[in-house]
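So the sequence shown is numbered by this note's numbering: it starts at 2 and just counts up by one.
First up is the structure itself, then whatever we jot down about it.
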Amino acid sequence: MTDDTDATAPAPADAPYRDASRPVAERVADLLGRMTLEEKAGQLFQTMIEVGSGGELSEGPSAMGVPATTDMVVKRQMTHFNVLAAPPTAREFARWHNRLQELAASTRLGIPVTVSTDPRHAFTDNPGTALLSGPFSQWPETLGLAATRDERLVEEHADAARREYLAVGIRTALHPQVDLATEPRWARANGTFGEDAELAGRMGTAYVRGFQATGDVAREAGLPGTFGERSVSTMTKHFPGGGPQQDGEDPHFAYGREQVYPGGRFAEHLEPFKALLAAGTRQMMPYYGMPVGLDADLGDGPETVEPVGFGFNRQILTRLLRDELGFDGVVCTDWGLVSDAEILGQPFPARAWGVEHLAPVDRLEKILAAGADQLGGEACPELVVELVRAGRVAESRIDESVARLLREKLELGLFDGARYVDPDAAASVVGHPDLVAAGRRAQSRSVTLLASAAGGAARLPLARGLRVHVEGASDVDGIGGVTVVASPAEADVALLRLKAPYEDRGPGFEGFFHAGSLDFPADVVAHVAEVAAQVPTVVDVYLDRPAILGPVLEALGDGGSLVVNFGASTPALLDALTAAVPAEGRLPFDLPRSTAAVEASREDVPFDTADPLFRFGHGLPI
Numbered sequence: 002m003t004d005d006t007d008a009t010a011p012a013p014a015d016a017p018y019r020d021a022s023r024p025v026a027e028r029v030a031d032l033l034g035r036m037t038l039e040e041k042a043g044q045l046f047q048t049m050i051e052v053g054s055g056g057e058l059s060e061g062p063s064a065m066g067v068p069a070t071t072d073m074v075v076k077r078q079m080t081h082f083n084v085l086a087a088p089p090t091a092r093e094f095a096r097w098h099n100r101l102q103e104l105a106a107s108t109r110l111g112i113p114v115t116v117s118t119d120p121r122h123a124f125t126d127n128p129g130t131a132l133l134s135g136p137f138s139q140w141p142e143t144l145g146l147a148a149t150r151d152e153r154l155v156e157e158h159a160d161a162a163r164r165e166y167l168a169v170g171i172r173t174a175l176h177p178q179v180d181l182a183t184e185p186r187w188a189r190a191n192g193t194f195g196e197d198a199e200l201a202g203r204m205g206t207a208y209v210r211g212f213q214a215t216g217d218v219a220r221e222a223g224l225p226g227t228f229g230e231r232s233v234s235t236m237t238k239h240f241p242g243g244g245p246q247q248d249g250e251d252p253h254f255a256y257g258r259e260q261v262y263p264g265g266r267f268a269e270h271l272e273p274f275k276a277l278l279a280a281g282t283r284q285m286m287p288y289y290g291m292p293v294g295l296d297a298d299l300g301d302g303p304e305t306v307e308p309v310g311f312g313f314n315r316q317i318l319t320r321l322l323r324d325e326l327g328f329d330g331v332v333c334t335d336w337g338l339v340s341d342a343e344i345l346g347q348p349f350p351a352r353a354w355g356v357e358h359l360a361p362v363d364r365l366e367k368i369l370a371a372g373a374d375q376l377g378g379e380a381c382p383e384l385v386v387e388l389v390r391a392g393r394v395a396e397s398r399i400d401e402s403v404a405r406l407l408r409e410k411l412e413l414g415l416f417d418g419a420r421y422v423d424p425d426a427a428a429s430v431v432g433h434p435d436l437v438a439a440g441r442r443a444q445s446r447s448v449t450l451l452a453s454a455a456g457g458a459a460r461l462p463l464a465r466g467l468r469v470h471v472e473g474a475s476d477v478d479g480i481g482g483v484t485v486v487a488s489p490a491e492a493d494v495a496l497l498r499l500k501a502p503y504e505d506r507g508p509g510f511e512g513f514f515h516a517g518s519l520d521f522p523a524d525v526v527a528h529v530a531e532v533a534a535q536v537p538t539v540v541d542v543y544l545d546r547p548a549i550l551g552p553v554l555e556a557l558g559d560g561g562s563l564v565v566n567f568g569a570s571t572p573a574l575l576d577a578l579t580a581a582v583p584a585e586g587r588l589p590f591d592l593p594r595s596t597a598a599v600e601a602s603r604e605d606v607p608f609d610t611a612d613p614l615f616r617f618g619h620g621l622p623i
């Protein structure tokens, strides 16, 4: 802060940083020069925030450990927040956003808030990774977008989500996720574009262009096709590729902290990130994983990478991402690397893999030294102040990161006309029938037929007018072309909706992650066989990661059909099964034949399970 600036006085109305006609670099420099160390420190943190009842600000601790909003904005001087569950209506969401911005405007410098979110347009319900769609339009999961192989569809999806985000004030997407799902057991496969680096790069590029309004869809709508006020900034994750987790365990938890490369394929996991850097993604998130035994070329030939989580790793964030790949955007760590927490009533230790022995302030120092600009899921700016006051971190280093963060706010127009949103417009845009219809059609298109009955009622497409018994679904309203009946005895065909198996590791936060065995329980397989013996049967399996489908296919017999989906309502599924909407899905990964094949495969090598039951790209016409 300049010596002649009163640290308690509001900035003048004619301060250069408030002037939209001035260049962004000039505005950043002016604002940075007016900031106290405490105000700068607040910018370096982005944590969760909740929407209060009726769209009010949330002012109390919650089950997710979220502090009071006023405490974070006014006392800790934070201006970046990851919003959790949406209120029931877009109007309430927009009102909450405006109240949050009004609170931020009341502070000394009036720095606007940037609201971010995990994906919230599909079917996942996990507060640590993605949220149910709520009032927003609902589309297939990222795996389903990849299954269509349609880049235009991906861009249209991202554009639709961009419009709905903008309507309620969300300006940063904590996605896309372009990790390669090379370990079939990994719980985070659902958010990826699958197992193939080239496909992930193509689909991810379209995704970035749609959200940032820099692609064909935006230009056709009359937007300039450049990053700005109508954009949502994308935070691509998880650099440099989070897929090769040892035994498929996830590094949200201590038992999954090791990331391994037995096949030496580090460079292949990096490829999608290079594609998205070329596409102009604005932000990057490193993963929790701790590389073990990794020798990689970081620009100067092979070297051993320090076995610490990627958010702490200077070789990865500065040498590789900044220096070798030339990235000058925002780097934000994954959530909760510094402080222990309590979530849903249970202890949740910091994901400080490889540096667990360090005190929180020392972990933060290592993150800043690694080259990160911002800490996700943390709210401890006082530790940054402590480090600078003690001479352990130069204030100029803090300035580098704050300048990047302020530049992003300015380029998004948050200091200017884009600060507030219109609740009436939000109610009109979010969940608009055209967007809902487009999402439902995309769900149908992503349905993937693996095996078709040789003949009879279960052969696809299903004939219109059939009597169908449906199990495993509560959303049978809106089904067209068939009649739903109560039992197999009344039916021409049965439709059994299953979900990919997993080991229940609850209660608490851990229970949201579908990990462990890919084998269906014996009673599920036996029930498929029981129904299939009574009536021609179609089995549909929701794949949030691969599953071992051999026993299910055998239980169906020749008279049954097997399809998989990656996020599809029952009406959307029936649209595909009756060919009302063409089902175009093709597998975005291999489906393994056995647990033994999975256990024998190498975590970092794509398509490495022996003799898969169905291969990447498989999908029959309906």
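Virtual Cβ for every residue (Gly too), placed ideally from N, Cα, C.
Length of the line joining the Cα atoms of residue i and residue j
i, j, result
"residue 464", "residue 176", "40 Å"
"residue 3", "residue 35", "For residue 3, the predicted model reports a pLDDT of 44, less than 50, meaning its position is unreliable; a value from the coordinates is still stated below. In a straight line, the C-alpha of residue 3 is about 6 Å away from that of residue 35."
"residue 336", "residue 211", "25 Å"
"residue 80", "residue 476", "40 Å"
"residue 214", "residue 225", "8 Å"
"residue 558", "residue 141", "29 Å"
"residue 563", "residue 445", "15 Å"
"residue 432", "residue 511", "31 Å"
"residue 28", "residue 15", "12 Å"
"residue 5", "residue 12", "With a pLDDT of only 47 at residue 5, under 50, the local geometry of the prediction cannot be trusted, and the value read off the model is given with reservation. Spanning the two alpha carbons is a distance of roughly 12 Å."
"residue 320", "residue 542", "43 Å"
"residue 216", "residue 98", "27 Å"
"residue 92", "residue 62", "24 Å"
"residue 502", "residue 440", "26 Å"
"residue 338", "residue 580", "48 Å"
"residue 494", "residue 459", "6 Å"
"residue 509", "residue 346", "7 Å"
"residue 50", "residue 57", "12 Å"
"residue 586", "residue 620", "6 Å"
"residue 553", "residue 318", "44 Å"
DSSP-derived helix/strand/coil call for residue i
i, result
"residue 137", "coil"
"residue 354", "coil"
"residue 107", "coil"
"residue 348", "strand"
"residue 316", "helix"
"residue 183", "coil"
"residue 17", "helix"
"residue 160", "helix"
"residue 516", "strand"
"residue 131", "strand"
"residue 3", "In this predicted model, residue 3 has a pLDDT of only 44, less than 50, meaning its place in the structure is not dependable; the value taken from the coordinates is given anyway. Of the three classes helix, strand and coil, the one that applies to residue 3 here is coil, per DSSP."
"residue 303", "strand"
"residue 463", "coil"
"residue 71", "helix"
"residue 592", "strand"
"residue 149", "helix"
DSSP bridge partner residues for residue i (one or two, in chain order)
i, result
"residue 543", "500 and 566"
"residue 377", "47 and 336"
"residue 237", "285"
"residue 115", "81"
"residue 470", "486 and 495"
"residue 58", "52"
"residue 343", "348"
"residue 331", "284"
"residue 125", "Partner(s): none; residue 125 has no beta bridge."
Residue span of the beta strand (DSSP E) that contains residue i, given as start and end
i, result
"residue 450", "449-452"
"residue 173", "171-174"
Proximity test, residue i beta-carbon vs the ligand ADP heavy atom, cut-off 7 Å
i, result
"residue 218", "Among the components of this structure there are no ligands whatsoever, and the ligand ADP is therefore not found."
Residue i - containing alpha helix (DSSP H), residue span
i, result
"residue 597", "596-601"
"residue 576", "571-578"
"residue 455", "Taken as a continuous stretch (DSSP letters only), residue 455 belongs to no alpha helix (DSSP H), as it is neither H nor E."
"residue 29", "25-35"
"residue 387", "382-390"
"residue 531", "523-535"
"residue 555", "551-557"
"residue 368", "361-371"
Ordered list of alpha helix (DSSP H) runs contained in the region 404-431, each at least 4 residues:
Here the runs fully enclosed are 424-430.
Kindly provide the ranges of any beta strand (DSSP E) runs that are 3 or more residues long and lie completely inside the region 249-298, ordered along the chain.
Here the runs fully enclosed are 259-261, 284-287, 291-293 and 296-298.
My parser needs the alpha helix (DSSP H) runs of 4 or more residues fully inside the region 198-230; what are they?
List check, alpha helix (DSSP H) in window: 198-212 and 217-221.
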